[in-house]
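Note that numbering that gives the first Met the number 0 gives residue 144 to position 145 of the sequence shown, counting from 1, and the numbers run on in steps of one. Cβ coordinates follow ideal geometry from the N, Cα and C atoms, glycine included. Here's the structure we're looking at; comments come further down.
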Amino acid sequence: MIKVVVDCFGGDRSPQANVSGAIKSLNENNDLYLILTGDQEKLEKELSLYTYDKSRLEIVHAKDVISCEEKPTDAIKKNKESSLVVAYDLLRQNDEINALVSTGSTGAVLVGSVLKVGRIKGVNRPAFCPILPTMKNTFVGVCDSGANVDCDPQQLVQFAIMGSLYMQKMFNIEKPRVALLNIGTESTKGDALRKETYELLQNTPSINFVGNMESRDLLSGNYDLIVCDGFSGNVLVKSTEGACLELMKLLKKSFMSGIKNKLGALLLKKEMYRIKNYMDYNNYGGGVMLGTKKTIVKGHGSSKDTAIYHCINQAYNMEKSKLREFISEEITKQTSKE
């Protein structure tokens with residue numbers, strides 16, 4: 000049985016979206032057991048709307064919620080009755096609980112992963128790895144996307160190893176094409192960090208390193224994993240998401256600007272909805288935390304029930320694939336050679 004604890008408060012649509020997504024995943028996976036943390040009365044009210052196997056779901060009461068305005072470290076240390084801290088305590092104290100899913104404060108999720116759960120032996124720093132759809136109907140991962148603002152070359156190599164295993168085990172990519180985010184594709188481009196990392200990645204046999212990548216090629220489909228420090232990765236992901244959203248707004252505005260355009264929009268309506276759904280993060284889940292002792296999935300704060308469902312399925316499938324064990328094994332090999 001795969002046991003996942005779900006922080007049901009903290010997101011913009013909590014707890015309705017969390018409960019709806021949780022029940023959908025529970026009903027789909029017969030060997031999934033869910034623990035929902037949050038206000039028990041509110042959760043029971045939401046659950047009364049659904050039919051599900053009550054023997055595979057429980058509620059652990061948590062009266063408080065961590066807001067995004069709170070300082071992450073203070074929130075984790077002091078807000079002990081919040082839904083997120085209660086979820087982390089369950090994850091840490093119970094060896095039978097495999098994973099955690101939350102749409103709450105990113106900073107608090109990150110701090111909790113380090114203070115409450117800890118790193119896999121040999122991992123210097125855990126890293127966030129979200130995925131984005133590409134122009135070739137594939138996915139590309141970005142590791143790191145915000146957990147580590149400053150990184151050294153060895154840490155970036157570990158991100159490449161962990162992210163490559165994630166793309167391999169979760170998306171069945173035999174040899175994920177790994178690229179280093181840089182200001183140019185030439186091997187001589189970039190600052191000292193990028194140049195040193197490039198050489199190390201070239202000499203890491205466990206990954207399929209294909210060179211540097213410029214940010215404009217993120218969604219090209221020519222790469223499976225992008226390695227970068229958390230600052231650059233966060234800017235890369237958010238700017239790409241923002242550009243896609245603004246482009247969709249521009250197209251909508253253009254289509255509504257005249258009768259001819261409206262007729263054209265009517266003809267293209269089905270295709271436009273297909274593109275919109277394809278680019279919608281709700282259909283892909285959240286960013287996974289790689290390198291922690293337990294599986295952690297962080298969903299977007301505005302996640303709908305569909306996104307929650309995919310987040311829980313991500314956590315479930317990561318445990319089924321034994322990803323953490325593969326990461327531990329590969330990191331041990333790498334550190335033994337250093």
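For Tyr197, the secondary structure class from DSSP, reduced to helix, strand or coil, is helix. Residues of the same chain with a CB within less than 8 Å of the CB of Thr203, apart from the 5 flanking positions on each side, are Val156, Ala159, Ile160, Gln333 in chain order.
Just so you know, the alpha carbons of Lys115 and Val5 end up roughly 16 Å apart.
A direct Cα-Cα distance of roughly 18 Å separates Gly232 from Lys188. Secondary structure note for Tyr87: it is in no beta strand (DSSP E), and the uninterrupted alpha helix (DSSP H) holding it is 82-92. Counted as a single uninterrupted DSSP element, the alpha helix (DSSP H) harbouring Ile160 occupies residues 152-170.
In summary, Ala107 is buried, with 16 or more beta-carbon neighbours lying within 10 Å of its beta-carbon over all protein chains present.
If you check the CB distance, Thr137 and Leu218 do not come in under 7 Å. Counting only the Cα atoms, Ser54 lies some 43 Å from Cys243. In chain order, Ile119, Lys120, Gly121 place their CB closer than 8 Å to the CB of Ser327, counting only its own chain and leaving out the 5 sequence neighbours on each side.
Under the Cβ criterion (8 Å, minimum of three pairs), the segment 249-267 does not count as touching the segment 279-287. One thing to note: Val226 has its Cβ no nearer than 7 Å to the Cβ of Val100. The distance from the Cβ of Asp88 to that of Asn78 is about 12 Å, inconsistent with a contact at the 8 Å cut-off.
Residue pairing of Val287 in beta bridges, as defined by DSSP: Cys128, Val296.
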